[in-house]
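Read through the structure below, which is laid out as structure tokens, and then see the notes.
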Amino acid sequence: MRTGYLGPPGTFSEKALNLLKHKVTQKVWYSSFKDIARALIDGEIEGALFPLENSLSGKVLEVDAILKTLKEKLILIEEVFLPITPGLFSYSAQSLEEINVVLSRPELWQQCREYFKGRDNLRFIPALSSSQAAEKAKKIKGAAFIADLDYRNEAKVLELFLNGNRPSITRFGLFKIL
1 MRTGYLGPPG TFSEKALNLL KHKVTQKVWY SSFKDIARAL IDGEIEGALF PLENSLSGKV
61 LEVDAILKTL KEKLILIEEV FLPITPGLFS YSAQSLEEIN VVLSRPELWQ QCREYFKGRD
121 NLRFIPALSS SQAAEKAKKI KGAAFIADLD YRNEAKVLEL FLNGNRPSIT RFGLFKIL
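The opening position of the sequence shown corresponds to residue 1 in full-length UniProt numbering, with each subsequent residue numbered one higher.
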């Protein structure tokens with residue numbers, strides 16, 4: 001099944017895609033949830049993987065809105081649950097004191113809100129994915145990004161378990177056209 005997901009490669013969505021029991025013949029990444037939905041409706045892909053909700057931050061509101069508009073056209077064919085261990089990483093900073101900007105998906109930032117309480121010197125910049133956050137962080141001095149430990153690439157680990165070691169599990173759904 002040719003399946004669309006939020007990319008680029010290295011995102012939580014790609015990790016979840018790799019856990020599916022349905023045979024994925026080709027992974028096709030898109031830069032937004034709307035693009036994934038459009039590709040599914042237009043027949044570019046046969047399946048679409050969306051993050052539905054997280055145990056700490058609740059529903060992924062953008063996805064929820066898209067699915068509500070398409071509810072009579074789509075069917076959920078599989079769910080997969082992905083544990084997430086968010087960490088703070090940087091390409092330019094060697095310590096937390098050198099950080100002034102944090103890039104992340106808003107939902108992931110929300111999951112780590114307790115960690116960032118009282119750190120008023122940090123400016124949050126939203127990103128479409130953890131991969132995009134990492135790419136943007138490469139270009140900004142003093143920037144860090146939130147991602148899973150598996151995604152850090154060559155970035156320095158500044159902090160792990162930003163969610164206070166609370167279990168963070170994201171439920172993903174694989175959809176196809178009815």
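Note that the Cβ used here is the ideal one computed from N, Cα and C, for glycine as well.
What are the partner residues of residue i, as DSSP defines its beta bridges?
i      : result
Glu53  : Lys59, Arg171
Val101 : Arg123, Ala143
Phe89  : Phe145, Val157
Ile177 : Leu74
Pro83  : Ile169
Leu6   : Tyr30
In whole angstroms, what is the alpha-carbon distance linking residue i and residue j?
i           : j      : result
residue 180 : Gly118 : No information on residue 180 is available, as it lies outside the stretch 1 to 178 that the chain covers here.
Ser131      : Leu178 : 31 Å
Glu72       : Phe175 : 12 Å
Ala65       : Glu98  : 38 Å
Val63       : Glu154 : 31 Å
Val28       : Ser55  : 27 Å
Leu122      : Ala143 : 9 Å
Lys23       : Arg38  : 22 Å
Val101      : Ile36  : 29 Å
Lys32       : Asn163 : Before going further, note that residue 32 is Ser rather than Lys in the sequence given. If I take the Cα positions, the gap works out to 25 Å.
Ser57       : Ser129 : 16 Å
Asn18       : Leu76  : 17 Å
Gly10       : Ala127 : 14 Å
Gln26       : Leu74  : 20 Å
Ile125      : Pro8   : 18 Å
Arg2        : Glu78  : 15 Å
Gly47       : Asp150 : 25 Å
Asn165      : Ala134 : 22 Å
Lys139      : Thr69  : 37 Å
Lys34       : Gly43  : 14 Å
Glu114      : Gln94  : 22 Å
Check whether the Cβ atoms of residue i and residue j sit closer than 7 Å, and answer yes or no.
i      : j      : result
Leu49  : Phe172 : yes
Lys156 : Ser104 : no
Gly4   : Ile45  : yes
Leu20  : Val80  : yes
Leu82  : Ala147 : no
Leu158 : Leu108 : no
Ser92  : Lys136 : no
Ile84  : Ser168 : yes
Thr170 : Pro86  : no
Starting from residue i, trace the alpha helix (DSSP H) both ways and give me its first and last residue.
i      : result
Leu108 : 106–111
Arg38  : 33–42
Glu14  : 12–17
Lys138 : Looking at the DSSP string, Lys138 is not in any alpha helix (DSSP H), and its letter there is neither H nor E.
State the start and end residues of the unbroken beta strand (DSSP E) segment that holds residue i.
i     : result
Lys46 : First, the amino acid is wrong: residue 46 is Glu here, not Lys. Looking at the DSSP string, Glu46 is not in any beta strand (DSSP E), and its letter there is neither H nor E.
Gln94 : Unbroken run through Gln94: none, as it is neither H nor E.
Val28 : 26–30
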